[in-house]
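Notes follow once the structure below has been shown.
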Amino acid sequence: MNFLEERIVKDGVVKEGNILKVDSFLNHQLDVELFDKMGEEWAERFKNEEINKILTIEASGIGIACIVARHFNVPVVFAKKSHSVNLDGEMYTAEVESFTHKNKNQVIVSKKFLNSGDKVLIIDDFLANGCALQGLISIINQAGASVSGIGIAIEKGFQNGGQIIRNMGYHLESLAIVDAMDASTGEIVFRK
Ligand code: G4P
Numbered sequence: 001m002n003f004l005e006e007r008i009v010k011d012g013v014v015k016e017g018n019i020l021k022v023d024s025f026l027n028h029q030l031d032v033e034l035f036d037k038m039g040e041e042w043a044e045r046f047k048n049e050e051i052n053k054i055l056t057i058e059a060s061g062i063g064i065a066c067i068v069a070r071h072f073n074v075p076v077v078f079a080k081k082s083h084s085v086n087l088d089g090e091m092y093t094a095e096v097e098s099f100t101h102k103n104k105n106q107v108i109v110s111k112k113f114l115n116s117g118d119k120v121l122i123i124d125d126f127l128a129n130g131c132a133l134q135g136l137i138s139i140i141n142q143a144g145a146s147v148s149g150i151g152i153a154i155e156k157g158f159q160n161g162g163q164i165i166r167n168m169g170y171h172l173e174s175l176a177i178v179d180a181m182d183a184s185t186g187e188i189v190f191r192k
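In terms of this note's numbering, the sequence shown has 151 at position 151, counting the first letter as 1, and numbering is strictly consecutive.
Listed below in C-alpha cells is the structure:
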C-alpha cells in the first residue's frame, strides 16, 4: 500500500451508497503534509509532461491543488460552480452533473486565466463517473489549451470515469484506486 492508501485504511470511513468519507484529512479537515506528499508523487509521475498551469474545481480540489502547485511552480486556477450562467462572453462554461449530489451545475472559468497554448495539469480529490473531469477538459479545449495530465487523489474504480478518461488517451494518475468497498465491514480493496 502507498502512503495515501494507508491513510484511507486508517482514517477513511465506508458509508452506504458507495461513499468513502475522507473528511478528516482530504476534504473538510485538510492534512497539508499529506497534500505535500501527493504533490511530490505527482511531480515524479508527471516529470516528463510540460505543465504551466494547474486547473481544479471548487471546493475540495482547491486546497490540494494549491499545495501540489508548489512542486510544479505554476499558478492554480479553479473552476467555479454556478447555478446562474453569466453569458457575457467572458467565461468558458461547461455543464457538470453530479452523481453524488444528483444535481447539475454550470462550471465556469474566466477567459482571462486560461489561454491557448496553456499546458494544463488537472488536479481533483475524487474521480467517480468523471463528469467533473469532462467539464474541465471541455473548458480547456474551448480555450485552445491542452491537457498535460490528470492527477486524482482517490479514484472509485468500480465507477466508470477512470476507464472513460483513460480510453480518451489522457495521462491519468490516481494515487489510490478503490476497486471495492463494504459498508458493513469497512473493508476497502485497492487496485494493485
Ligand atoms: P464525477 O464528477 O466523477 O462524476 O463524480 P460525482 O458526480 O459522483 O461527484 C460529485 C461530488 O461528490 C464531487 O465533489 C466528488 O468529489 C464527490 N464524491 C464522489 N464520490 C465520493 C465519495 O465516495 N466520497 C466523497 N467524500 N466524495 C465523493 P463535489 O460535488 O465537486 O464537491 P466538493 O468538491 O465541493 O466537495
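By construction, the Cβ of each residue, glycine as well, lies at the ideal position given by its N, Cα and C atoms.
**Asked** So, helix, strand or coil for K47, using DSSP?
**Response** coil
**Request:** Return yes when at least one heavy atom of ligand 1 lies under 7 Å from the C-beta of S98, else no.
**Result:** yes
**Request:** Go ahead and label T56 buried or exposed: buried means 16 or more other beta carbons lie within 10 angstroms of its beta carbon, across all protein chains shown.
**Result:** buried
**Prompt:** Which one of L136, G63 and G186 has the shortest CA to CA distance from E97?
**Reply:** L136
**Asked** What are the boundary residues of the beta strand (DSSP E) that includes F190?
**Response** I188 to F190
**Request:** Pull up the distance between the alpha-carbon of R166 and that of S174, whole angstroms please.
**Result:** 11 Å
**Request:** Within 10 angstroms of the Cβ of V32, are there 16 or more other Cβ atoms? Answer buried if so, exposed if not.
**Result:** exposed
**Asked** What separation, rounded to the nearest whole angstrom, lies between the Cα atoms of K47 and G149?
**Response** 10 Å
**Prompt:** In the structure shown, what three-state DSSP assignment does D11 receive?
**Reply:** helix
**Message:** Measuring alpha carbon to alpha carbon, tell me which residue in V76, H71 and I51 is nearest G61.
**Reply:** V76
**Message:** Considering only their Cβ atoms, is the gap separating R45 from F25 smaller than 8 Å?
**Reply:** no
**Prompt:** Under the DSSP definition of a beta bridge, which residues are partnered with A65?
**Reply:** Note: A65 sits in no beta bridge, so no partner.
**Local Cβ density within 10 Å of N2, reported as buried at 16 or more and exposed below that** = exposed
**Request:** Answer yes or no: do V189 and A180 have a C-beta to C-beta separation smaller than 8 Å?
**Result:** yes
**Assumed close pair G161, L127 - CB separation to whole angstroms, cut-off 8 Å** = 5 Å
**Asked** CA-CA distance, E95 and V107?
**Response** 6 Å
**First through last residue of the alpha helix (DSSP H) which encompasses S116** = Careful: S116 lies outside any alpha helix (DSSP H) and carries neither H nor E.
**Simplified DSSP state of M181, which is helix, strand or coil** = strand
**Message:** Spatial neighbours of A176 within its chain, please: C-beta separation below 8 Å, excluding the five flanking residues on both sides.
**Reply:** N2, L4, E5, I8, A153, I154, E155 and F190
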